[in-house]
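S.K.: I am attaching a structure below and will ask some questions about it afterwards.
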Amino acid sequence: MNAAIHQPASARSAARLASTSLHDAAAAARALADELTHAELGCVLFFCSADYDLAQLGPALESAFPCILVCGCTTAGEITPQGYGRGCVTAIALDRRYFAVDCALIQELEGFSLQDAQSCIDRLLATCRDADLAPVRDHTFAITLLDGLSSREELVLATLNAALGSIPQFGGSAGDDERLNDTHVYFQGRFHNHAAIVMLVNTPLDFRVFSTHHMTATGQKLVVTRADSDRRTVHELNAEPAARAYARAVGVTEAELDRETFALHPMAVRIGGHHFIRSVQRVNADGSLTFYCAVETGIVMTMMRTGSLQQSLQDQLAQAEAVVGPPLVTIGCDCFLRRLEAEVTGIDQDIGAFLSRHRVIGFNSYGEQFDGMHINQTFTGVVIGQPDFATRNA
6 MNAAIHQPAS
16 ARSAARLAST
26 SLHDAAAAAR
36 ALADELTHAE
46 LGCVLFFCSA
56 DYDLAQLGPA
66 LESAFPCILV
76 CGCTTAGEIT
86 PQGYGRGCVT
96 AIALDRRYFA
106 VDCALIQELE
116 GFSLQDAQSC
126 IDRLLATCRD
136 ADLAPVRDHT
146 FAITLLDGLS
156 SREELVLATL
166 NAALGSIPQF
176 GGSAGDDERL
186 NDTHVYFQGR
196 FHNHAAIVML
206 VNTPLDFRVF
216 STHHMTATGQ
226 KLVVTRADSD
236 RRTVHELNAE
246 PAARAYARAV
256 GVTEAELDRE
266 TFALHPMAVR
276 IGGHHFIRSV
286 QRVNADGSLT
296 FYCAVETGIV
306 MTMMRTGSLQ
316 QSLQDQLAQA
326 EAVVGPPLVT
336 IGCDCFLRRL
346 EAEVTGIDQD
356 IGAFLSRHRV
366 IGFNSYGEQF
376 DGMHINQTFT
386 GVVIGQPDFA
396 TRNA
């Protein structure tokens, strides 16, 4: 797993990767265009720091890639071709000879219905069918990017998942460099908040959509005895103030509760035999806890312990690459709390180097999305095989 991934010439043209730390919006857009533009460019997907002047960056990207579909979102950290990045823009350009892509903006998150979702997906599927690159079945996946502070991920994802049917889906919630103020998705030259992007990708190349985390369950349980599900806030755990109960379970004082504690001591709910992480966002003045995912009165939370972040990621990508071959690219949504843990434990450089070797491009998110589920402290994404692999192994 430590060897560099060989990239034939055809693979390099099928998916080009680039990033820039230039902070001037126009200069950054031009730098990306210089690296990514070619005659068969079909789509650009980017992830950018919220430090940029978004009112300038939006039109600059539209101008730099005229008549090209460009979609993206703001982040809580970037994954660049060189590994982890901050304060930059990172992007992937997809070749239209290998990828048929279309994208839609969802602005009415509150009232997003199954009829809305079905209409949206049908329009996107029509583009894929018209391109005639590959059958829709088994050759199509969806990427979703949502405003990470909208608190509507669960509703939108469940509705989209029903419309997608057997089409696999992954994605992430947009960030804002951990300020928790204003997160955005990008569509048609503008950044939008309280909105979502859904992108449908059809390709003849082999791919595998996946989700992984490195947590294991302990025997310690906390029952949510009072919660405001609309605000994702738990007021009581085990019939006492939530912060007090959580701090006791972790073994710290309430005053010591901080982002590092949340990253290293998450809770999870058990659904269908699997644990799905529910990460704490903040402690409130009244002793309640606000989460990044939905929580409801009556659910049982299991305290989790961290395993090897690095090994779990290596194992997951090894499994995917065993199926699709050497990766053309992996598009990934990596929880910002995972990155925080890597920084706290001193393995962030190693993780970044591993991501670079395996052609990972993506961002650190405020929540991850996988087949209609909204989850935390996971790495979700898609590994796409190289164009030549199927031919070489036919």
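In the numbering used here, the protein residues as written are 6 to 399. Think of the CB as a built atom: it goes at the ideal place given N, C-alpha and C, for glycine as much as any other residue. This structure is a prediction, so every number in the text was calculated from the model and none was measured.
1) Beta-carbon separation of P86 and I366 under 8 Å?
2) Might you give, ordered along the chain, the residues of its own chain that have their beta carbon closer than 7 Å to the beta carbon of R134, omitting 5 neighbours on each side?
3) How would you call I276, buried or exposed, if buried means at least 16 neighbouring beta carbons within 10 angstroms?
4) Note the first and the last residue of the continuous alpha helix (DSSP H) segment covering R310.
5) Give me the Cα-Cα distance between T2 and C72, rounded to the nearest whole angstrom.
6) Hey, D235 and N198: beta-carbon distance below 8 Å or not?
7) Let's test the definition: count the other Cβ atoms within 10 Å of the Cβ of D137 and tell me whether it reaches 16, buried, or not, exposed.
8) What is the DSSP secondary structure of F368, counted as helix, strand or coil?
9) When the Cα of E326 is compared with those of H189, G386 and N381, which residue comes out closest?
10) Among G47, E183, T295 and S118, which has the Cα closest to the Cα of L162?
11) What does DSSP give as the partner residue(s) for N207 in the beta ladder?
12) Give the secondary structure of Q391 by DSSP, where H, G and I count as helix, E and B as strand, and everything else as coil.
13) At the level of alpha carbons, what is the spacing between D339 and D291?
14) Below 8 Å on the Cβ atoms is my guess for V228 versus V305; work out the distance and round it to an integer in Å.
15) Quick check: the Cα distance between E67 and M308, rounded to an integer number of angstroms?
16) With three or more C-beta pairs closer than 8 Å as the rule, is the region 100-111 touching the region 69-84?
17) So, helix, strand or coil for I172, using DSSP?
18) For a quick check, are the C-beta atoms of G180 and A60 less than 8 Å apart?
19) May I ask which residues mark the beginning and end of the alpha helix (DSSP H) holding V300?
20) Compute the distance between the beta-carbons of L205 and A139, then report whether it is under 8 Å.
21) Who does A325 pair with in a DSSP beta bridge?
22) When the cut-off is 8 Å and only beta carbons count, does Q87 lie next to chain C?
23) Can you grab the Cα-Cα spacing for the pair P331 / G390, in whole Å?
24) Between Q120, F384 and R344, which has its C-alpha nearest D182's C-alpha?
25) Classify R157 as helix, strand or coil using the three-state DSSP reduction.
26) What are the start and end residues of the alpha helix (DSSP H) that includes E265?
27) Compute the beta-carbon to beta-carbon distance between E259 and A248, rounded to the nearest angstrom, for a pair I have assumed lies under 8 Å.
28) If we call anything under 8 Å between Cβ atoms a contact, is I84 one with G337?
29) If you measure from the CB of G386, is any heavy atom of the ligand SAM nearer than 7 Å?
30) Just checking, does the region 169-180 make contact with the region 368-385 on the three C-beta pairs under 8 Å criterion?
M.R.: The short version:
1) Position 81 of the sequence shown, counted from the start, is the residue given in the question as residue 86. Position 361 of the sequence shown, counted from the start, is the residue given in the question as residue 366. Yes, the pair counts as a contact, with Cβ atoms nearer than the cut-off.
2) Position 129 of the sequence shown, counting from 1, holds the residue named residue 134. Counting only Cβ-Cβ distances below 7 Å, and skipping sequence neighbours, we find V141.
3) In the sequence shown, the residue the question calls residue 276 occupies position 271. With fewer than 16 Cβ atoms within 10 Å of its Cβ, I276 is classed as exposed.
4) Residue 310 sits at position 305 when you count from the first residue of the sequence shown. Unbroken run through R310 is the beta strand (DSSP E), V305 to T311; no alpha helix (DSSP H).
5) Because residue 2 is not part of the residues shown, which for the chain are 6 to 399, the question remains open.
6) Residue numbering aside, residue 235 sits at position 230 when the sequence shown is read from its first letter. Residue numbering aside, residue 198 sits at position 193 when the sequence shown is read from its first letter. No, they are not a contact pair.
7) Counting from one through the sequence shown, the residue named residue 137 turns up at place 132. Label assigned to D137: exposed.
8) Against the sequence shown, residue 368 aligns to sequence position 363. Correct three-state label for F368: strand.
9) The sequence position of residue 326 within the sequence shown is 321, counting from 1. Ranking H189, G386 and N381 by Cα distance to E326 puts G386 first.
10) Here the question's residue 162 lines up with position 157 in the sequence shown. The shortest C-alpha separation from L162 is found at S118.
11) Locating residue 207 in the sequence shown gives position 202, where the first residue counts as 1. The partner list for N207 (beta bridge, DSSP) reads A105 and T145.
12) Locating residue 391 in the sequence shown gives position 386, counting from the first residue. Reduced to three states, the DSSP call for Q391 is coil.
13) Sequence index remark: in the sequence shown, residue 339 carries index 334 (1-based). Sequence index remark: in the sequence shown, residue 291 carries index 286 (1-based). Rounded to the nearest angstrom, the two C-alpha atoms are 31 Å apart.
14) What you label residue 228 is simply residue 223 of the sequence shown in a count that begins at 1. What you label residue 305 is simply residue 300 of the sequence shown in a count that begins at 1. Contact flag correct, Cβ pair sits at about 5 Å.
15) The residue labelled residue 67 in the question sits at position 62 within the sequence shown. The residue labelled residue 308 in the question sits at position 303 within the sequence shown. Each residue's alpha carbon lies about 46 Å from the other.
16) yes
17) As a working mapping, residue 172 is identified with position 167 in the sequence shown. In this structure, I172 counts as coil in the three-state DSSP scheme.
18) Taking the sequence shown and counting its residues from 1, the one referred to as residue 180 is at position 175. Taking the sequence shown and counting its residues from 1, the one referred to as residue 60 is at position 55. For G180 and A60, no; Cβs fall outside 8 Å.
19) Your numbering for residue 300 matches position 295 in the sequence shown. V300 -> no alpha helix (DSSP H), and no H or E assigned at all.
20) Here the question's residue 205 lines up with position 200 in the sequence shown. Here the question's residue 139 lines up with position 134 in the sequence shown. Not in contact: L205 and A139 (Cβ atoms no closer than 8 Å).
21) In the sequence shown, residue 325 corresponds to position 320, counting from 1. According to DSSP, which records beta bridges pairwise, A325 is partnered with nothing at all.
22) Protein chain content of the structure displayed is limited to a single chain, and chain C is not contained in it.
23) Residue mapping note: residue 331 aligns to position 326 of the sequence shown, counting from 1. Residue mapping note: residue 390 aligns to position 385 of the sequence shown, counting from 1. Roughly 6 Å between the two C-alpha positions.
24) Position 177 of the sequence shown holds residue 182. Out of Q120, F384 and R344, R344 has the C-alpha closest to the C-alpha of D182.
25) In the sequence shown, the residue the question calls residue 157 occupies position 152. Coil at R157, not helix or strand.
26) Here residue 265 refers to the residue found at position 260 of the sequence shown. Counting along the chain, the alpha helix (DSSP H) containing E265 begins and ends at R264 to L269.
27) If you number the sequence shown from 1, residue 259 lands on position 254. If you number the sequence shown from 1, residue 248 lands on position 243. E259 to A248, Cβ: 5 Å. Contact.
28) For this step, residue 84 is matched to residue 79 along the sequence shown. For this step, residue 337 is matched to residue 332 along the sequence shown. Yes, they are a contact pair.
29) Among the ligands in the structure shown, none appear at all, so the ligand SAM cannot be discussed.
30) yes
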